[in-house]
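J.: Numbering (full-length UniProt numbering), first residue to last: 1 to 265.
Note that beta-carbon positions come from the ideal geometry of N, C-alpha and C, so glycine has one too.
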Amino acid sequence: MTVRNDLATRFREPHPHPSGARPPTLPANLIPKHVGIVMDGNGRWAKVRGLARTKGHEAGEDALFDCVEGAIELGVRWLSVYAFSTENWKRSPEEVAFLMRFTDRVFGRRIDDMDALGVRVRWAGRRPRLWGNVIRRLEASEELTRDNDRLTLVMCVNYGGRAEIADAAAAIARDVREGRLRPDRIDEATVGRYLDEPDMPDLDLVIRTSGEKRLSNFLLWQAAYAELSFVDTLWPDFDRRHLWSACEEFARRDRRYGGTVAHRA
């Protein structure tokens, strides 16, 4: 095994975009640290081409990993993506089964490359109902990449923002009952420690594809002050250039957090 000590050569560089496009030059303080993506439009992409919905999900795989490479090129440090929601169980059994198998296969194919890129994979979501092989694959991906620090990719699988907050409230209640936590000491920081990924920074930017304009229960706690970007592009047609464009727009916005306008030099 080769030991990688030199930070300059520790990880492989992202493949360039086929168009030759390069990331925009943005001041480091204006690059979003944490970007979330609601990957929407796979079914519609397939429908307009006369294909099965599952073909749209397959096409979305390349979009995701192109965005991973584009995020690394730009300097984004966290990328969270909505892969399967707690509401997606309402879909047909055939589509649910496909998505379970697909998630397993995707990381079987991609995890070594993610590791080579320096991506740390994390999983946010509930265990109940999720297929055992998917849980094992996600946990194995977390373990393999746990020491990487170039980009953290959070896969939200069997995830719902309300479910996450409800689970945190239940865990807090248990600790109060057992005397490990005082109710009068509970604040926002306390709640944050009980979320799926306690070290996850708040979202700076949420992008939703396909023209829909809603969060759909995605990282509700973490998105409290996120900038929102809704783009018409269907997810399989989305790539790092769209990501960069959304980040450029983000850099032009004034983030006030309830205060006055922050004038930039």
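Quick check on residue 141: does DSSP put it in helix, strand or coil?
T.: DSSP places residue 141 in helix when its eight states are reduced to three.
J.: Buried or exposed: which applies to residue 246, given that a residue is buried once 16 or more other Cβ atoms fall within 10 Å of its Cβ?
T.: That one is buried.
J.: With a threshold of 16 other CB atoms inside 10 Å of the CB of residue 236, please say whether the residue is buried or exposed.
T.: Buried, since its Cβ has 16 or more Cβ neighbours within 10 Å.
J.: Going straight from the alpha carbon of residue 145 to that of residue 47, what length do you get?
T.: Each residue's alpha carbon lies about 36 Å from the other.
J.: Is the CB-CB distance between residue 251 and residue 26 below 8 Å?
T.: Yes, these two residues count as a Cβ contact at 8 Å.
J.: For residue 7 and residue 170, what's the separation of their Cα atoms in angstroms?
T.: Residue placement at residue 7 is poorly supported in this model, since its pLDDT is 47, which falls under 50; the coordinates still yield a value, given next. Their Cα atoms are separated by approximately 42 Å.
J.: How many Å lie between residue 125 and residue 159 at the Cα?
T.: Rounded to whole angstroms, residue 125 to residue 159 spans 4 Å at the Cα level.
J.: Taking Cβ to Cβ, would you say residue 204 is nearer than 8 Å to residue 33?
T.: Yes, the pair counts as a contact, with Cβ atoms nearer than the cut-off.
J.: Where does residue 57 land, buried or exposed, given buried means 16+ other C-beta within 10 angstroms?
T.: The residue is buried, with at least 16 neighbouring Cβ atoms inside 10 Å.
J.: Per DSSP, residue 34 forms a beta bridge with which residues?
T.: 78.
J.: In angstroms with no decimal places, state the Cα-to-Cα distance between residue 55 and residue 179.
T.: The straight-line gap from Cα to Cα measures roughly 52 Å.
J.: Note down the Cα distance separating residue 173 from residue 241, rounded to an integer number of angstroms.
T.: If you take the alpha carbons of residue 173 and residue 241, they lie about 45 Å apart.
J.: Report all residues from its chain with a CB closer than 7 Å to the CB of residue 12; omit the five preceding and five following residues, and keep chain order.
T.: Answer for residue 12: 116, 117, listed in chain order.
J.: Let me know the alpha helix (DSSP H) ranges lying completely inside the region 177-255, each 4 residues or longer, listed in chain order.
T.: The qualifying runs are 188-193, 240-252.
J.: Drop a sphere of 10 angstroms on the beta-carbon of residue 254, count the other beta-carbons inside from all chains shown, and report buried for 16 or more, exposed for fewer.
T.: Classification for residue 254: exposed.
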